[in-house]
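Participant: Residues in the sequence shown are numbered consecutively from 563, following the working numbering.
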Amino acid sequence: MSNDNFPQIDKKQQDRWEKANLFASPKMPSGKKFYCLDMFPYPSGAGLHVGHPEGYTASDILTRYKRMNGYDVLHPMGWDAFGLPAENYAIATGVHPRVTTQKNIDNFRRQIKSIGLAYDWSREVDTTDPNYYKWTQWIFLQLFKKGLAYESTVPINWCPSCKTGLANEEVFNGKCERCGHEIERRALRQWILKITDYAEQLLEGLDDLDWPESTLTMQKNWIGKSNGANVHFKVDGHDDILTVYTTRPDTLFGATYMVVSPEHPILEKIVTPAQKDAVAAYQKEAAKKSDLERGELNKEKTGVFTGAYAINPVNGKKIPVWTSDYVLMGYGTGAIMAVPAHDERDYAFAKKFGIDIIEVIKSEQGVEKEAFTGDGELVNSGFLNGLHVKESKAAMIKWLTEHNCGNAKTTYKLRDWVFARQRYWGEPIPVVHCEKCGVVPLPESELPLRLPEVEKFEPSGTGESPLATVTEWVNTTCPHCGGPAKRETNTMPQWAGSCWYYLRYMDPHNAEKLVDPAVEKAYGPVDCYIGGAEHAVLHLLYARFWHRVLYDLGVVSCKEPFKKLRHQGMILAFSYRDKMGNYHSYDEIDFKDGKAFLAATGEELSPMVEKMSKSKKNVVNPDDILNQYGADAFRMYEMFMGPFEASKPWDMKGIEGVSRFLKRVYGWSETVKLTDEQDPKKSEILKNKTIEKVSDDIENFRFNTAVSSLMVLFNDISKLPQVSRATFEVFLKLLHPFAPHITDEIWQQHGHNDFLLQTAWPVADKNFLQEDSVELGVQINGKVRDRISVATTATREEIEKAALASAKVQRSLEGFEIKKIIVVPGRMVSIVAAPKK
Ligand code: ANZ
Ligand code: ZN
Ligand code: ZN
């Protein structure tokens, strides 16, 4: 093919790769292994977004580089395919989610393949495949048997529009993440996973991970460990003890009231007859709000006095007990001692309701205008006076312990995980409810428990899933007593399948086990995990939780699943609006001199950088780019846009530039004059420096600067009248991970039948890395045969080696044997040779 029809070259090379089964990973790695994992996509109906291939291209470059460095690479792809969009589409159209999902998967696979990503497709997984979710269900059974899965009727976030329960993380600002509707609170029977049992382990495990600092911090905050104390207060005139959790036991002398959460069981017991109605009304109001709304700092404080008083154990003072929704039942003990002088929310509350504010930490500003939350000397605090916050905390905990009024206490923000959805398109939960035996897990031999066919996909709206209507499926027999039983009709949340998929890739066809332990030991853990940061916090936490459980079960051999993690930045796009504020798509626009004009009217449009979205008419379809420029330009541009982790706008001018570069490379390759001679010293140095730079950049995710250095090297060597074969090959190899189609095409045209992926990654010649190198003449029997360049610091052996490595010297020595080599540092190498006998 002597033209530069890149899309045609893509197809040709992809077919060759597929025929050669080039990307298959061995069943068992034999030497060095490298497991590179991409966050698998939800195969949406919209097809691939240009944001997906950003991460996928990075992982592809990294794995091609690792393969060329001799690693056994595992680089798989699959589909996180359960989820609401397919189900909502089914509700709207009656098309079974399986049909939509399959269609979308096929489209995603086609798109991903057309980018030339080196995946081992024989390992593809699909979370909706019964052969896959059999093991998701198997893990659920293990969690159940370990007491880590339990049923509970809990107030959950309920979206009246989606008619489903939502996890806290699916609620943003009190609204449904999926549809934007205000959420309500509703008590529903749920399956809950006891992730809180692993809170400390999940926190400690973060220490050994090579993850972005911001992601580590988010995980830490989500787990939210805090050290403090439980303090027991007597309720005046009652036997009941009100225990609070505080991180500031040092401020106990400043407690002027107590607050119990509206759901606190003690309320019924202590509320006085006079306050009963007011408290009941308040409880009803609070039940409608989400924890998130209630916890908001700047929210107008509300509350009701219970009529009861508690006794401060440290000074015997009687203080009023209130109920307010800013105290959450799910944290600590669901009750607090309020110290308005030193807590912002308590301060706002005390001001509003005219409650005493007692300063116990001295500060310059005082507490006239606002709470003081900093460090200082204790005042008004009996035996603590004169101490600072840290010592007072310890002293107060000691006092409380000695007087049986409290103890040191560690608390976590992490909540147990609501692991149930009232939906059809999810993994069935493999348990039955038996009248006699209660909840009975299915025997493992009955897995997978398949989703039954249904007529209607609408949630019942009563809180039950559409599965509840399939009576012949629901009614079953109890595996334990054989009596009548009903199947669980809740399904698992979408997080489930993605909690362990990286394990299945290692051994995807194993019918006996989730993963063969020997294979897991050889391939695990994931060496590098790449994906977006947006939704990663919970996915990562949940996957780490399951992994720990599997570790405790002996299913996996290491504690953490993902050693290294990198996030790609968000790809934004330019959007263009006219005077009226209407958006216009790129094909309605003429671009001239860096400006944009509406083709129809000539009106100049103002550009903005925004998230890609249909409504802004700025969505870039990868298919269009691939058809116009080919896969290599697409890949290279994705990497060249800017720092990998930064968010950056897609820019058509940028892809033009990369495309031009690749065309020049291709044209040059057709006419270049290759020789066996060394290139000029300057080019040799540049080449060797580029080898080091590109290798280092790939290892450190600086793909954009790697591309620049390749361009710089090309500009240099493409101007030479002739180029050494070695340099030519080094250039192709370095470029290969970025532009695999074109480079393999050139490689083939230059007479190679193998693939660049099978060649060794170049190693820089240390002698050519510094500018301060010297040129030495190499004489053979008194006649100069070549000049070599070596570092000024090169040792005698290195100089000898460099001299003997010269092609010209080797040619001159044919038929001779070396008698002696004399190195005159800084000047020359003299070889004495005699004809071979
Ligand atoms: C007294 C106090 C004085 C507090 C002070 C703070 C400052 P972190 O650090 O997030 O763990 N608290 C305890 N349980 C609560 C609940 N269920 N709902 C709302 N707030 C609750 O927060 C711990 C602090 O948050 C605790 O320490 C308690 O207020 C409050 F100058 O106790 B503190
Ligand atoms: Zn909703
Ligand atoms: Zn039974």
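Glycine residues also receive a C-beta, built at the ideal position from the N, C-alpha and C atoms.
So what's L679 in DSSP terms, helix, strand or just coil?
Facilitator: As a position in the sequence shown, residue 679 is number 117, starting the count at 1. In this structure, L679 counts as coil in the three-state DSSP scheme.
Participant: May I have the straight-line CA-CA distance separating I1361 from G1339, to the nearest angstrom?
Facilitator: Numbered from its first residue, the sequence shown carries residue 1361 at position 799. Numbered from its first residue, the sequence shown carries residue 1339 at position 777. The straight-line gap from Cα to Cα measures roughly 11 Å.
Participant: List in chain order the residues whose CB is within less than 5 Å of at least one heavy atom of ligand 1.
Facilitator: Here the residues come out as S788, Y807, T808, T809, R810, T813, V889, L890, Y893, G894, I898, V901, H904 and D905.
Participant: Going by the beta-carbon positions, is the gap between F602 and G640 smaller than 7 Å?
Facilitator: The residue given as residue 602 occupies position 40 in the sequence shown. The residue given as residue 640 occupies position 78 in the sequence shown. Yes.
Participant: Please name the residue in G593, P591, Q837 and I677 whose C-alpha comes closest to that of L610.
Facilitator: Along the sequence shown, read from residue 1 onward, the residue named residue 610 stands at position 48. For L610, the nearest C-alpha among the options comes from I677.
Participant: Would you mind reading off the limits of the beta strand (DSSP E) that contains E1166?
Facilitator: The residue you call residue 1166 lines up with position 604 of the sequence shown. Run containing E1166: E1166 to K1173, per the beta strand (DSSP E) assignment.
Participant: For F568 and D1194, which I take to be in contact (beta-carbon distance under 8 Å), what is that distance rounded to the nearest angstrom?
Facilitator: Residue mapping note: residue 568 aligns to position 6 of the sequence shown, counting from 1. Residue mapping note: residue 1194 aligns to position 632 of the sequence shown, counting from 1. About 7 Å separates the beta carbon of F568 from that of D1194, a gap short enough to meet the 8 Å contact definition.
Participant: Quick check: is any heavy atom of ligand 2 less than 6 Å from the C-beta of G637?
Facilitator: By one-based count along the sequence shown, residue 637 stands at place 75. The sequence given here places His at residue 637; Gly does not occur at that position. No.
Participant: Just the Cα atoms here: how many angstroms apart are R1139 and K1210?
Facilitator: What you label residue 1139 is simply residue 577 of the sequence shown in a count that begins at 1. What you label residue 1210 is simply residue 648 of the sequence shown in a count that begins at 1. Cα to Cα, R1139 sits roughly 20 Å from K1210.
Participant: Of the residues K594, L636, T1321 and I1217, which one's Cα is nearest the Cα of Y1191?
Facilitator: Walking along the sequence shown from the start, residue 1191 turns up at place 629. That would be I1217, whose Cα lies nearest to the Cα of Y1191.
Participant: Any contact of the region 709 to 720 with the region 1074 to 1090, i.e. 3+ C-beta pairs under 8 Å?
Facilitator: No, the region 709 to 720 does not touch the region 1074 to 1090.
Participant: Relative to the C-alpha of W1062, which candidate in P1087, K1178, N1315 and R1049 has its C-alpha closest?
Facilitator: Stepping through the sequence shown from its first residue, residue 1062 is reached at position 500. With distances taken between Cα atoms, W1062 lies closest to P1087.
Participant: Does the Cβ of C741 have 16 or more other Cβ atoms within 10 Å, making it buried, or fewer, making it exposed?
Facilitator: As a working mapping, residue 741 is identified with position 179 in the sequence shown. Classification for C741: exposed.
Participant: What residues sit near ligand 2, counting only those whose C-beta is closer than 6 Å to one of its heavy atoms, in chain order?
Facilitator: C721, S723, C724, C738, R740, C741 and H743
Participant: Write down every uninterrupted run of the alpha helix (DSSP H) in the region 929 to 983 whose length is 4 residues or greater and which is fully enclosed by it, in chain order.
Facilitator: 951 to 964
Participant: What are the boundary residues of the alpha helix (DSSP H) that P1079 is part of?
Facilitator: For the purposes of this step, residue 1079 is identified with residue 517 of the sequence shown, where counting begins at 1. Element bounds for P1079: P1079 to Y1085.
Participant: Suppose you measure from the CA of V806 to the CA of P615; what does that come to, to the nearest Å?
Facilitator: Start at 1 with the first residue of the sequence shown, and residue 806 comes out as number 244. Start at 1 with the first residue of the sequence shown, and residue 615 comes out as number 53. So the two alpha carbons sit approximately 51 Å from each other.
Participant: Please classify F934: is it buried, with 16 or more other beta-carbons within 10 angstroms of its beta-carbon, or exposed?
Facilitator: In the sequence shown, the residue the question calls residue 934 occupies position 372. F934 should be labelled buried.
Participant: Take F1124 and list the residues in its own chain whose beta-carbon comes closer than 6 Å to its own, dropping the five residues that flank it on each side.
Facilitator: Here residue 1124 is taken as the residue at index 562 of the sequence shown, counted from 1. So the qualifying residues of the chain are V1088 and Y1091.
Participant: Indicate whether at least one CB of chain D lies closer than 7 Å to the CB of G1044.
Facilitator: Any reference to chain D falls outside this structure, which holds one protein chain only.
Participant: Are the region 828 to 837 and the region 865 to 883 in contact at 8 Å, needing three or more beta carbon pairs?
Facilitator: The region 828 to 837 is in contact with the region 865 to 883.
Participant: Taking all protein chains shown into account, do 16 or more other C-beta atoms lie within 10 angstroms of the C-beta of K969, making it buried, or fewer, making it exposed?
Facilitator: In the sequence shown, residue 969 corresponds to position 407, counting from 1. Contrary to the premise, residue 969 reads as Asn rather than Lys in this sequence. By the neighbour-count rule (16 or more Cβ atoms within 10 Å), N969 is not buried but exposed.
Participant: Please state if the CB of A791 and the CB of H774 are separated by a distance shorter than 7 Å.
Facilitator: Position 212 of the sequence shown, counting from 1, holds the residue named residue 774. Position 229 of the sequence shown, counting from 1, holds the residue named residue 791. It is Pro, not His, that sits at residue 774 in the sequence shown. It is not a contact, given that the beta carbons lie outside the stated cut-off.
Participant: Tell me, which residues are paired with A1047 by DSSP?
Facilitator: Looking up residue 1047 in the sequence shown gives position 485. C996 and T1038, per the DSSP bridge assignment.
Participant: Could you please give the first and the last residue of the uninterrupted alpha helix (DSSP H) stretch that includes I1151?
Facilitator: Within the sequence shown, the letter at position 589 stands for residue 1151. Segment I1151 to K1154 is the beta strand (DSSP E) holding I1151; no alpha helix (DSSP H) there.
Participant: According to DSSP, is M601 part of a helix, a strand, or is it coil?
Facilitator: As a first step, residue 601 must be located in the sequence shown, where it is residue number 39. Three-state result, M601: coil.
Participant: Please say whether L814 and V876 have beta carbons closer to each other than 7 Å?
Facilitator: As a position in the sequence shown, residue 876 is number 314, starting the count at 1. As a position in the sequence shown, residue 814 is number 252, starting the count at 1. Yes; because the gap between Cβ atoms is below 7 Å, this pair is in contact.
Participant: What are the start and end residues of each continuous alpha helix (DSSP H) run of 4 or more residues lying completely inside the region 739 to 787, in chain order?
Facilitator: DSSP assignment within the region 739 to 787 yields the following whole alpha helix (DSSP H) runs of 4 residues or more, N-terminal first: 761 to 766 and 775 to 785.
Participant: Tell me whether P659 is buried or exposed, calling it buried when 16 or more other Cβ atoms sit within 10 Å of its Cβ.
Facilitator: As a working note, residue 659 is residue 97 in the sequence shown. Buried is the call here.
Participant: Kindly list the residues whose CB is nearer than 6 Å to the CB of W979, restricted to its own chain and excluding five residues on each side of it in sequence; keep chain order.
Facilitator: Within the sequence shown, residue 979 is the residue found at index 417, counting from 1. Closer than 6 Å at Cβ, skipping near neighbours: L755 and I757.
Participant: Beta strand (DSSP E) containing M1214: first to last residue?
Facilitator: Position 652 of the sequence shown, counting from 1, holds the residue named residue 1214. Unbroken run through M1214 is the alpha helix (DSSP H), M1214 to T1233; no beta strand (DSSP E).
Participant: If I follow the unbroken alpha helix (DSSP H) through P615, where does it start and stop?
Facilitator: By 1-based counting over the sequence shown, the position of residue 615 is 53. H614 to M630 is the extent of the alpha helix (DSSP H) around P615.
Participant: What are the complete beta strand (DSSP E) segments, minimum 3 residues, inside the region 847 to 918?
Facilitator: 866 to 873, 880 to 885 and 897 to 900
Participant: What separation, rounded to the nearest whole angstrom, lies between the Cα atoms of D801 and Q781?
Facilitator: The residue you call residue 801 lines up with position 239 of the sequence shown. The residue you call residue 781 lines up with position 219 of the sequence shown. Approximately 41 Å, taken between the alpha carbons.
Participant: When every heavy atom of ligand 3 is checked, does at least one fall within less than 6 Å of the C-beta of H1042?
Facilitator: Walking along the sequence shown from the start, residue 1042 turns up at place 480. Yes, since a heavy atom of ligand 3 falls inside the 6 Å radius drawn around the Cβ of H1042.
Participant: Going by the beta-carbon positions, is the gap between L1294 and W1309 smaller than 7 Å?
Facilitator: Residue 1294 sits at position 732 when you count from the first residue of the sequence shown. Residue 1309 sits at position 747 when you count from the first residue of the sequence shown. Result yes, Cβ atoms of L1294 and W1309 sit closer than 7 Å.
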